[in-house]
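Q: One structure, pasted below without further comment.
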Ligand code: ADP
Ligand code: ZN
Ligand code: ZN
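Numbering (the numbering used here), first residue to last: 962 to 1694.
So, in structure tokens, the structure goes:
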């Protein structure tokens, strides 16, 4: 069969593919998965060849030829293309945009896929200028040009090693036509003879059992839950699973939820293995991202480590996929554009590649635990801490029965004294940044509100600002009530205030703070982490950020200041998140040789969630929570999709959803809830509402969505209205 047409995916919000004729001036027919440049209206776009086809429904006179075939080899291999297609279907998102999110920005713009180094050369004119003496008065340019003459093809790296500031004179040389650069393909380094640089500690019995089970599943799709308490040595199991895959000549894909977690794991991978590791995350510059992607496409990288979108990394010959902290909400893209779960897509990828996948967590998601319960996933347990570390002692502090100073109960202060006195470090967790969450007038009852959100402004005392944590609004901190002129008061605690209180209580103990106000630039996180790891800081105060994976061996006491937050949320997932946070933050205590202690402050010590967590641990909590979900018909016992809309008025958002709802004609087995305003309806000056579709039958839900969405696409709506579909939403606003 001859393929006369090229079907191309373009990064546009339209739910379809576009057909083209082959390029005119070349007989090179592109392969599926290669990038091409095409005319699109008045634009020229880079797209990815989806398939070559023999027939098209487009009238011949309307077909245009490709402008250029960019890649000789596919940059999206058949496996990733299949994943992309699945994702587009499952999340009901335009395939072109899905492919767009699988490529780094510079690759979407057409940058070459080959690993290449920029190399510099003197031009003929440049060589002539050297002898002609034209550059006598430009000493730096002259010296640089001499280097190019003596070392044709010198790399950026070599030039930087010689002088920090070679780019300015180089620009001048290029402008004068005396120097030019070329991208020269890099030869792949020969594989190192020794795979292992530094062997790890001998495995514990449980670790060895887990590694053997994963190894025995090689070449077959086998999903594992590696359920190990914090510090139990999960990472060590990952490293062995990766090693076994590498020994079979395969590659490994490792996903982590947060950029902040990559440096540690990259470090451990590079210390262990003498093979190239490519790192892909959103904190990279565009060119760093392109470089990492090239290492994947070229096959140079044997291990690929990355956050969410790395699930689409073009890694051939995968032998193992690892998803660390699988319960983490960051795996779900829920803010904008293409909303997908990298964990769930990773499972799909492993399934199609017929390889094992390891989902690791100390606090597995209820979805994953249910998959274990019905036998779809195999659980591997690491119930003990690695090395000599013992599990911490956990106790609840009833805030109603204790003297409390600035949010900290007296027994907690005494415990801190004890642990600091014994040379331990103390971690204090509070889930709010800033100084205090409320600024209130003591006379008239005024409370500083955000103008654009249904929310209060948070006091940032050091910066003397009032800020909204939802829309970013930022205003000077008033000294007097703007309404009546009376004194204002800071109500409640945030990390900044807790730091202040602790500094007054323990003047001798240096304090480190970890929250989004402190960590703003690259390297900030590492600075804080190293202050704690080195022992210089004795107390660490932080938000959610402190719960994520860091290993601080000398922390012996963890105090959770406000466990109550979230116990009474309307979101059915809130209890799961509270339990995970408590268990994760508690897991930071006593990871070294000294035993740990955890104090949980609460006003609701008899809340069933807290009691099941404390008496039966996370497993007991999960059993109770799953039973509740089943009774209420929530995921994982039902499947949910949310159609969300936002507009300048709540009426407009709701009206759109009402029309969308009216297009649903009695879908069988699918329950429709709403439209209803979001829990925080007004955010950043826009009003949000949602419509929920729910079904016990996943296929029925997706059939309904398939039949429904083209109609929703075609609905007439005010220009400013925005809507999106979220399949398997993690948060119900
Ligand atoms: P997790 O990923 O479960 O939090 P890690 O793999 O980071 O746990 O292990 C926690 C600590 O225990 C690390 O310092 C690690 O080097 C150490 N460790 C892991 N496995 C072993 C083992 N088998 N013997 C001794 N120490 C170990
Ligand atoms: Zn007032
Ligand atoms: Zn706001």
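Just so it is clear, CB atoms sit at the ideal spot from N, CA and C, and this is done for glycine as well.
(1) Give a yes or no on contact between the segment 1011-1031 and the segment 1222-1236, applying the rule of three or more CB pairs nearer than 8 Å.
(2) Could you give the distance in angstroms between the alpha-carbon of residue 962 and the alpha-carbon of residue 985?
(3) Report the rounded CA-to-CA distance for residue 1617 versus residue 1328, giving the unit in angstroms.
(4) If you draw a straight line from the C-alpha of residue 1010 to the C-alpha of residue 1022, how long is it?
(5) Taking the CB atoms as reference points, tell me whether residue 1249 and residue 1144 lie closer together than 7 Å.
(6) What whole-angstrom Cβ distance do residue 1175 and residue 1185 have, given they're in contact under 8 Å?
(7) Flag this pair as touching only if the segment 1624-1638 and the segment 1567-1577 have three or more C-beta atom pairs under 8 Å; answer yes or no.
(8) Taking DSSP's pairing of strands, which residues face residue 1283 in a bridge?
(9) In the structure shown, what three-state DSSP assignment does residue 1257 receive?
(10) If you count every other CB in all the chains shown that lies within 10 Å of the CB of residue 981, and 16 or more means buried, which is it?
(11) Check the C-beta distance from residue 1199 over to residue 1289 and give it rounded, since I have them as a contact under 8 Å.
(12) Measuring only from the beta carbon, is residue 1407 closer than 6 Å to any heavy atom that is part of ligand 2?
(13) Inspect the beta-carbon positions of residue 1664 and residue 1607 and report whether they are closer than 7 Å.
(14) At a cut-off of 6 Å, would you count residue 1401 as near ligand 2, judging by its Cβ distance to the nearest heavy atom?
(15) Suppose you measure from the CA of residue 1068 to the CA of residue 1060; what does that come to, to the nearest Å?
(16) Ordered along the chain, which non-local residues of its own chain (more than five positions away) have a Cβ less than 7 Å from that of residue 1613?
(17) Taking residue 1055 as the reference, give the member of 973, 1119, 1129 with the closest Cα.
(18) Would you say residue 1444 touches ligand 2, meaning its beta carbon is less than 6 Å from a heavy atom?
(19) Would you report the Cα separation of residue 1191 and residue 1025, rounded to the nearest angstrom?
(20) Taking its Cβ as the centre, do 16 or more other Cβ atoms sit within 10 Å of residue 1392, making it buried, or is it exposed?
(21) How big is the Cα-Cα spacing for residue 991 and residue 1034?
(22) Near residue 1325, which residues of its chain fall below 7 Å by C-beta distance, leaving aside the five closest residues on each side in sequence?
(23) Span of the alpha helix (DSSP H) holding residue 1310?
(24) If you measure from the CB of residue 1164, is any heavy atom of ligand 1 nearer than 6 Å?
(25) Taking the runs of the alpha helix (DSSP H) that are 4 residues or longer, which of them lie wholly in the segment 1582-1641?
(26) Let me know the alpha helix (DSSP H) ranges lying completely inside the segment 1225-1270, each 4 residues or longer, listed in chain order.
(27) Checking the sheet assignment: what are the DSSP bridge partners for residue 981?
(28) State the DSSP-derived secondary structure class of residue 1088, mapped to helix, strand or coil.
(29) Closest to residue 1195 by CA distance: which of 1171, 1046, 1312, 1206 is it?
(30) Who pairs with residue 1649 in a beta bridge, going by DSSP?
(31) Between residue 1223 and ligand 1, is the CB less than 6 Å from at least one heavy atom?
(32) What residue ranges within the segment 1326-1379 form continuous alpha helix (DSSP H) runs of no fewer than 4 residues, ordered along the chain?
(33) Beta-carbon of residue 1494 versus every beta-carbon of chain C: anything under 7 Å?
(34) Quick one: grab the DSSP three-state call for residue 1472.
(35) Rounded to the nearest angstrom, how far is the Cβ of residue 1517 from that of residue 1551, given a contact under 8 Å?
A: Reading it off the structure:
(1) no
(2) Reliability of the predicted coordinates at residue 962 is poor, the pLDDT of 48 falling under 50, and no value is obtained from them.
(3) 32 Å
(4) 21 Å
(5) no
(6) 6 Å
(7) no
(8) 1215, 1319
(9) helix
(10) buried
(11) Rounded, the Cβ-Cβ distance is 15 Å, inconsistent with contact.
(12) yes
(13) no
(14) no
(15) 11 Å
(16) 1679, 1682
(17) 973
(18) yes
(19) 58 Å
(20) buried
(21) 8 Å
(22) 1186, 1188, 1287, 1288
(23) 1303-1314
(24) yes
(25) 1611-1623
(26) 1247-1258
(27) 967
(28) helix
(29) 1171
(30) 1607
(31) no
(32) 1327-1334
(33) Protein chain content of the structure displayed is limited to a single chain, and chain C is not contained in it.
(34) strand
(35) 6 Å
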